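A.B. asks: Below is a structure I'd like to ask you about.
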Amino acid sequence: MADLALAGGKPLRSTSYPSWPQAGPEELTALERVLRSGNWSSSYGSEVRTFEESFAKYQHARQGICVNSGEAALILAFKALQIPPGSEVIIPAYTFVASATAVVQVGAIPVFVDVDPDTYCISPRALEEAIRPQTAAIMPVHFAGLPADMAPIMELAQHHGLKVLEDAAQAWGARYGDRAVGAIGDAGGFSFQASKNLTAGEGGIIVTDDAEVATTCRSLADCGRAVTAQRYSHALLGGNHRMTEFQGAILRAQLDRYPGQLELRTRNAAVLTAELKGLPGVVPLELPVDRKHSWHLFVMRVDPREFGGVSKSTLVKALVAEGIPAAVGYSSPPYQQPVFKDGGVAESRHMACPVAEQACQTEAIWVRHPALLGSEEDSLDVARALAKLQAYNHELSTLDQTSTSES
Ligand SMILES: Cc1ncc(COP(=O)(O)O)c(C=O)c1O
Numbered sequence: 495m496a497d498l499a500l501a502g503g504k505p506l507r508s509t510s511y512p513s514w515p516q517a518g519p520e521e522l523t524a525l526e527r528v529l530r531s532g533n534w535s536s537s538y539g540s541e542v543r544t545f546e547e548s549f550a551k552y553q554h555a556r557q558g559i560c561v562n563s564g565e566a567a568l569i570l571a572f573k574a575l576q577i578p579p580g581s582e583v584i585i586p587a588y589t590f591v592a593s594a595t596a597v598v599q600v601g602a603i604p605v606f607v608d609v610d611p612d613t614y615c616i617s618p619r620a621l622e623e624a625i626r627p628q629t630a631a632i633m634p635v636h637f638a639g640l641p642a643d644m645a646p647i648m649e650l651a652q653h654h655g656l657k658v659l660e661d662a663a664q665a666w667g668a669r670y671g672d673r674a675v676g677a678i679g680d681a682g683g684f685s686f687q688a689s690k691n692l693t694a695g696e697g698g699i700i701v702t703d704d705a706e707v708a709t710t711c712r713s714l715a716d717c718g719r720a721v722t723a724q725r726y727s728h729a730l731l732g733g734n735h736r737m738t739e740f741q742g743a744i745l746r747a748q749l750d751r752y753p754g755q756l757e758l759r760t761r762n763a764a765v766l767t768a769e770l771k772g773l774p775g776v777v778p779l780e781l782p783v784d785r786k787h788s789w790h791l792f793v794m795r796v797d798p799r800e801f802g803g804v805s806k807s808t809l810v811k812a813l814v815a816e817g818i819p820a821a822v823g824y825s826s827p828p829y830q831q832p833v834f835k836d837g838g839v840a841e842s843r844h845m846a847c848p849v850a851e852q853a854c855q856t857e858a859i860w861v862r863h864p865a866l867l868g869s870e871e872d873s874l875d876v877a878r879a880l881a882k883l884q885a886y887n888h889e890l891s892t893l894d895q896t897s898t899s900e901s
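Below, the structure is given as C-alpha cells:
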C-alpha cells in the first residue's frame, strides 16, 4: 500500500484551500454600477480615478496611474524616467521575464545580477559591481512581496546618479521600514493580473511622488494626450494602455477587503514559518524585522538531500498530490530563456548569478498565497505535507526514478 498521494496513497488534505480570485456581493454591486452608468471607459467615469487615489495613499505615494498590465506600468514608468536607448538597467536574475522585457521595450539593455541567498531579492553588493558608465537605472524586484533592501540601493543610486524603478508587481501593502514600497525610488509598478493578491483579472498601476513623471505616465497611457488640452491634441508618443471602469470598480471592492486578507496571510505565514523551524532541509526566505511582506508567495529554500535526493519537480508534484498549492517557480533566470540566451531576440548582459540559478534549478519551492487564507491548521498542512514526504522519502525516491526514466 502506497503512503504518498503521488504514489496512490491517501492525500494529506481532503479539502481545498480557499479559491482565488475571490469576489463577493461588493464586486457584483460595483460591476452593476458601471454597467448601468454607461461610463465603461476611464475616459468618462470616475471608478479608476477613485481607485488610483486610494491605492496611491495605501502605498504612501502622491500619485497613482492605472494601466492595463503590470508590464505596461513598468514600460511607461521607464519612458517617463527617460531611460536612454542603449543604456543599461540592472535587475535581479531571479524574477519574472516581464521585469526584463520591460527594459528591452524601451530600447535599454537589462543587466542581470545575483540575488541575496536569504531573500532572493537583488544583492546590493552584486548590484554595485555591475554599475558602469552605461548604467542608467536600477530595478529592484520585491520578489514574492518581500521588499528588496532599499536603503543601500537608494544610496548607490544617489551616488551614481541612477534612476530607481521598483518592480512591485507582487508587493501590494509591503513596507520597508515604515514606508510602503513603490515610491521609495522614482516610481514603482504593481500588477493586478488574475493570480495576484489584489486583482481585476488584468491591470497595473504606476505610483510615484514625482508630479512630472505622473503627468507623463498619464499621457503615455492615454495615446500621448496632452492632459489638460483638447481631446485630439497628442504631445507624446503614447498608446492606449487605459484600464476600464469595470476593472477600476472591481479593484475598489478588492482594496476594501485587502488589509484584512493581508493580516490573515501575515499571521498564517508566521505560524507556518515557526513550524518549519523543526523541519530539516526547509528554510523559508528570511523576512528582516524592518520589512512587511505582502505574501504573494510563501517561498522555501529546500535541500533535496533531506528528501531522499529527489528532483525539485518530483518534490513539488508530491506536494501538489497531497493537496498543497506548490509550484517549482521560475525554471531559469531570464538570461537563460530563449528570448535572451546567446543574443536571442533581445540583447542582455549578466553577471555570475549562482544563487539565482540554484534557486531555479534545485532550491526554491513556492506555495501560492491561498494556502495562507484559511485557518492556522490549513497553513500548518504545508509543513505537515513536507514532513510526510520526508518520512516516506524512500517512496519518493522511487517516484523520482520513475519520472526521470519516463521523461
Ligand atoms: C515580478 C513581476 N514583474 C512584472 C510582472 C508583470 O505584470 P503583468 O502580468 O500584470 O503584466 C509580473 C507578473 O506576474 C511579475 O510577477
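The opening residue of the sequence shown carries number 495 in the working numbering; numbering runs sequentially from there. Yeah, the Cβ is synthetic: ideal placement off N, Cα and C, and Gly gets one too. Keep in mind that this is a model prediction, so the values were computed, not measured.
(1) Would you please state the rounded distance, in angstroms, between the beta carbons of Pro-512 and Ala-815? I believe it to be under 8 angstroms.
(2) Considering Asp-610, what are the terminal residues of the beta strand (DSSP E) in which it resides?
(3) Is any non-hydrogen atom of ligand 1 found closer than 7 angstroms to the C-beta of Val-765, if you look at the structure I gave you?
(4) Should Ser-617 go down as buried or exposed, given a rule of 16 or more other Cβ atoms within 10 Å for buried?
(5) Measure the CB-CB distance between Ser-531 and Met-737 and report whether it falls below 8 angstroms.
(6) What is the rounded straight-line gap between the Cα of Val-701 and the Cα of Pro-753?
(7) Would Leu-890 and Ala-812 be called neighbours here (beta carbons separated by less than 8 angstroms)?
(8) Are at least three pairs of beta-carbons, each pair with one atom in the region 778-788 and one in the region 821-831, less than 8 angstroms apart?
(9) Kindly indicate the opening and closing residues of the alpha helix (DSSP H) around Val-542.
(10) Among Gly-671, Leu-570, Glu-546 and Asn-533, which one has its Cα closest to the Cα of Gly-601?
(11) For Val-542, does the count of other Cβ atoms within 10 angstroms reach 16, so buried, or fall short, so exposed?
(12) Assuming Gly-679 and Met-648 are in contact, meaning their beta carbons sit under 8 angstroms apart, how far apart are those beta carbons, in whole angstroms?
(13) Does the beta-carbon of Met-495 have 16 or more other beta-carbons within 10 angstroms, so that it is buried, or is it exposed?
(14) Cβ of Thr-760 within 7 angstroms of any heavy atom in ligand 1?
(15) Applying the criterion that 16 or more other CB atoms from any shown protein chain within 10 Å of the CB defines a buried residue, is Tyr-726 buried or exposed?
(16) Would the C-beta of Gly-698 count as close to ligand 1, meaning under 7 angstroms from any of its heavy atoms?
(17) Among Ala-853, Leu-773 and Asn-762, whose alpha-carbon lies nearest the alpha-carbon of Tyr-868?
(18) Whole-angstrom Cβ separation of Gln-755 and Gly-697, contact assumed at under 8 angstroms?
(19) Taking the beta carbon of Tyr-538 as the centre, do at least 16 other beta carbons fall within 10 Å, making it buried, or is it exposed?
(20) To the nearest whole angstrom, what separates the beta carbons of Val-483 and Tyr-614, a pair I think is in contact under 8 angstroms?
(21) Excluding sequence positions up to five away, which residues of its chain have a Cβ less than 6 angstroms from the Cβ of Gln-628?
(22) Comparing the CB of Ser-685 with every heavy atom of ligand 1, is any distance shorter than 7 angstroms?
(23) Where does Val-436 land, buried or exposed, given buried means 16+ other C-beta within 10 angstroms?
(24) Pull the bridge partners of Gln-557 from the DSSP assignment, please.
(25) Considering Glu-623, what are the terminal residues of the beta strand (DSSP E) in which it resides?
(26) Any chance the region 588-601 sits against the region 822-841, with 3 or more Cβ pairs inside 8 angstroms?
(27) How would you write the range of the beta strand (DSSP E) that Arg-795 sits in, first residue to last?
(28) Is it buried or exposed for Gln-576, if we count other Cβ within 10 angstroms and need 16 for buried?
(29) Determine the DSSP secondary structure at Ser-513, reduced to helix, strand or coil.
(30) In the DSSP assignment, find the unbroken alpha helix (DSSP H) run with Glu-857 in it and report its ends.
(31) Could you tell me which of Asp-872, Ala-877 and Ala-885 sits nearest to Ser-508, measuring between CA atoms?
(32) Between Leu-883, Arg-795, Arg-759 and His-787, which has its C-alpha nearest Gly-775's C-alpha?
(33) Which residues does DSSP pair with Thr-892 in a beta bridge?
(34) Excluding the 5 residues preceding and the 5 following Asp-850 in the sequence, name in chain order all residues of the same chain whose CB lies nearer than 6 angstroms to its CB.
(35) Per DSSP, Tyr-670 forms a beta bridge with which residues?
C.D. replies: On the basis of the supplied data:
(1) Going by Cβ atoms, the distance from Pro-512 to Ala-815 rounds to 20 angstroms, so no, they are not a contact pair.
(2) Neither: Asp-610 is in no beta strand (DSSP E) and is coded neither H nor E.
(3) no
(4) buried
(5) no
(6) 19 angstroms
(7) yes
(8) no
(9) 541-552
(10) Leu-570
(11) buried
(12) 7 angstroms
(13) exposed
(14) no
(15) exposed
(16) yes
(17) It should be pointed out that residue 868 corresponds to Gly in this sequence rather than to Tyr. When each option's Cα is compared against that of Gly-868, the closest is Asn-762.
(18) Contact doesn't hold; Cβ gap of about 18 angstroms is too wide.
(19) exposed
(20) Absent from the structure is residue 483, since the part of the chain shown begins at 495 and ends at 901.
(21) Ser-581 and Glu-582
(22) yes
(23) The displayed coordinates of the chain run from 495 to 901. Any statement about residue 436 would go beyond what the structure contains.
(24) Thr-702
(25) Where Glu-623 is concerned, there is no enclosing beta strand (DSSP E), although the alpha helix (DSSP H) it sits in stretches over 618-624.
(26) yes
(27) 791-796
(28) exposed
(29) coil
(30) It is not in any alpha helix (DSSP H) - Glu-857 carries neither H nor E in the DSSP assignment.
(31) Asp-872
(32) Arg-795
(33) In the DSSP output, where bridge partners are listed per residue, Thr-892 has none listed.
(34) Reading off the sequence, residue 850 comes out as Ala, not Asp. For Ala-850, where only same-chain residues beyond five positions count, the Cβ hits under 6 angstroms are Ala-587, Tyr-588, Asp-608, Val-609 and Pro-827.
(35) Arg-673 and Arg-785
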